[in-house]
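Numbering (my numbering), first residue to last: 1232 to 1436.
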């Protein structure tokens, strides 16, 4: 079972759930922390939710580092793995991450089975969230709040830092999500253990 087999089924489920919602955007390969890592799929609406795929043709070697970056930005994260990586993956990712197992089926795509529902991220990083904005978007946000004076010639890092310093976390999260949903010209939840249930995306707060 390959990454693309899992990705196709996951995207189909997310599209079925959110495809007709103009306030939701489904993104492939969203870069975070200035492109230090790219999450396989993200859903942006009332919250920012990430999905990382690890098929049995992948390894978990990079997952600890990826989890550090993803945990700075996403409200919820779910890792989708091949059967051989469960339950070992639970020792690799934070306890608030969701876990979904992609089980092979006869003659069709994998079945996605939810093993652990994602919880709310307890450790968001404002600066890393601000980095999701393009420079022009960040300046526009600051200008709307009367905070852009003297920043036009500054670097992106300085502009992002100003956002992180002056906007409340909830305001920053709402603003960044709204920008991601409306952006054009792209480059490029319950107790942790409840047994096996068929995965249904739950990306709303």
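Think of the CB as a built atom: it goes at the ideal place given N, C-alpha and C, for glycine as much as any other residue.
Cβ-Cβ distance between residue i and residue j below 8 Å
i	j	result
residue 1308	residue 1277	no
residue 1370	residue 1382	yes
residue 1267	residue 1300	yes
residue 1265	residue 1380	no
Own chain residues within Cβ distance below 7 Å of residue i, not counting five before or after
i	result
residue 1332	1312, 1314, 1317, 1344, 1346
residue 1246	1257
residue 1368	1410
residue 1416	none
residue 1235	none
6 Å CB neighbourhood of residue i in its chain, flanking five on each side removed
i	result
residue 1426	Unreliable positioning characterises residue 1426 in this predicted model, as indicated by a pLDDT of 40, which lies under 50. The coordinate reading is nonetheless provided below. Excluding residues within five positions, none has a Cβ falling inside 6 Å.
residue 1294	1323
residue 1275	1256, 1408, 1411, 1412
residue 1400	1357
Separation of residue j from residue i, as counted between CA atoms
i	j	result
residue 1349	residue 1327	6 Å
residue 1430	residue 1241	In this predicted model, residue 1430 has a pLDDT of only 43, less than 50, meaning its place in the structure is not dependable enough to derive any value.
residue 1374	residue 1306	26 Å
Cβ-based neighbour list, residue i, same chain, cut-off 8 Å, excluding 5 preceding and 5 following
i	result
residue 1233	1286, 1288
residue 1239	1340
Endpoints, beta strand (DSSP E) assigned at residue i
i	result
residue 1350	It is not in any beta strand (DSSP E) - residue 1350 carries neither H nor E in the DSSP assignment.
residue 1261	1256-1263
Range covered by the alpha helix (DSSP H) that runs through residue i
i	result
residue 1385	Looking at the DSSP string, residue 1385 is not in any alpha helix (DSSP H), and its letter there is neither H nor E.
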